[in-house]
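Peer 1: For my numbering, count along the sequence shown from 1 and bump the result up by 817. Heads up, the beta-carbon is just placed ideally off N, CA and C, and yes, glycines get one too.
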Amino acid sequence: MCRQKACDYKGHLYVSGGFGYKNTTLCYKPEDNEWTSKAPMIKERSYHSMLAVEDKIYVLGGCRRCGPRTPEDDNLEDLGCEVYDPLTDQWTSISWIHQKLSCTAAVALDQSIFCFGGYSFFHVKEVNLVQICNTKKLSWSSKSMCRNPVNYYTAVLLWMTNASLKH
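#1: Output yes or no for whether 7 Å exceeds the beta carbon distance between ALA923 and SER959.
#2: Give me the DSSP bridge partner(s) of CYS763.
#3: Tell me whether GLY828 is buried or exposed, calling it buried when 16 or more other Cβ atoms sit within 10 Å of its Cβ.
#4: Can you have a look at TRP957 and say buried or exposed, based on whether 16 or more other CB atoms are within 10 angstroms of its CB?
#5: For ARG964, count the other beta carbons within 10 Å of its own beta carbon; 16 or more makes it buried, fewer makes it exposed. Which is it?
#6: Return helix, strand or coil for LEU904, following the three-state DSSP convention.
#7: Measuring straight from C-alpha to C-alpha, what distance separates ASP849 and VAL832?
#8: Just list the residues that DSSP pairs TRP957 with in beta bridges.
#9: Using a Cβ-based criterion (distance less than 6 Å to any ligand heavy atom), does PHE939 qualify as near the ligand ATP?
#10: Cβ of CYS920 within 7 Å of Cβ of TYR936?
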């Protein structure tokens, strides 16, 4: 497996998509040392972003193939986003991101998802756009730009106390 994405949801590791442009979803439970198949995503994808926010798991963007352009290139990358409910084992399509992107760095803060940069396989270029999803309203906005294009990165949110900064 490669080019899939993973996230932690309440101590369980969820993995989606991957090379071969799969729509698979797997869950690893460390307490049982066991992998189980979950409901497949609605669309197959690779080079996407995946993260948990509150009680849901989100997948954003990605592509369904790479390589030379063909007449079907409108489907090369995906504006689509999906949300997974681990309690019901169901995926639902949600509002689309503004620009088709793969390889974004995504992080959640409060009830928003920030997608930094990315790469457009369709336009063959790096992107410096920041796209923000309000997970309560399921709406997207583009508010700012990264200083430089960012792609193939991973973003994390790290909370630190003042005491930990004094070292």
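Peer 2: Taking the geometry as given:
#1: Taking 7 Å as the Cβ cut-off, ALA923 and SER959 do not qualify as a contacting pair.
#2: For residue 763 there is no data in the structure shown, the boundaries of the chain being 818 and 984.
#3: Exposed, by the Cβ-count rule.
#4: TRP957 is buried by the Cβ-count criterion.
#5: exposed
#6: coil
#7: Going from the Cα of ASP849 to the Cα of VAL832 covers about 17 Å.
#8: CYS950
#9: With respect to small molecules bound, the structure shown includes none, and the ligand ATP cannot be examined in it.
#10: Cβ atoms of CYS920 and TYR936: closer than 7 Å.
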